[in-house]
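Each step along the sequence shown adds one to the number in the working numbering, with nothing skipped, and position 70 is 184. All remarks here apply to the structure that follows.
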Amino acid sequence: MSDQTLYSPLECQAYAKLLERKHAAWLRDRSFEASVTLQGDDVYGTVTLRNPSGSFFYPVEGRIAGRAQGITHRDAGELLLDFIDSYFDEYFRSEGETLLPIDWADYEVDSRQLQVKGQIFDLVLEKLADDLIAGREIPEGVLASTRLAKMGRAKGGEERGLDSTLGK
């Protein structure tokens, strides 16, 4: 079954801009993207916090069976976006320490049942891993600029290779 757009791209862009104004103090180089779709009778909302390079990519996804709970699809979408907005309030207040489960978890808001999940990705490292697995050559300097390499330097205070960062 294909997704149907429930909120227009303009509405989603306006919502993302609203979040950016609200959370401007914490964003640094990151920005928000949003979408709300209908799959069957379920409403799915995704709000992604990301940086331009993709080294920080955090999609927070929610779903709700709106009609089964006596609300319209648009109202269900609004409920999801409100919940995700509240989550990001807590995420920023905790300086990124409050994280969602990576698999669907149940929540209740205003006597309505919904499910939410989220997982932070580093798309640069994901591509690098795919390239390594596929046997493609990695350009010199690419690995040194990744967050993984920086983590290794932070642990030992010196430049270390991928193997030492992974504990090998």
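Note that CB positions come from ideal geometry on N, CA and C, so glycine has one too.
Asked: Residues that Ile178 bridges to, as DSSP identifies them; Found: Val157
Asked: Through-space distance from Ile234 to Asp155, alpha-carbon basis; Found: 28 angstroms
Asked: Helix, strand or coil at Pro123 according to DSSP, with G and I counted as helix; Found: helix
Asked: For Gly191, the three-state DSSP class (helix, strand or coil); Found: helix
Asked: 8 angstroms Cβ shell around Ala130 - same chain, five flanking residues per side excluded; Found: Ser145, Phe146, Glu147, Ala148 and Val161
Asked: Minimum length 3: unbroken beta strand (DSSP E) runs contained in the segment 197-230; Found: 219-223
Asked: Option nearest Gln227 by Cα separation, candidates Ser116, Leu194, Val150 and Leu237; Found: Leu194
Asked: Residue range of the unbroken alpha helix (DSSP H) whose run includes Ala138; Found: Ala138 to Leu141
Asked: Beta bridge counterpart(s) of Leu133 as assigned by DSSP; Found: Beta-bridge pairing links Leu133 to no other residue.
Asked: Contacts around Gly281, its chain only, beta-carbon distance under 6 angstroms, and the 5 residues preceding and following it disregarded; Found: Unreliable placement is indicated for Gly281, whose pLDDT of 38 sits below 50; no coordinate value is reported for it.
Asked: Per-residue DSSP class, three states only, for Val238; Found: helix
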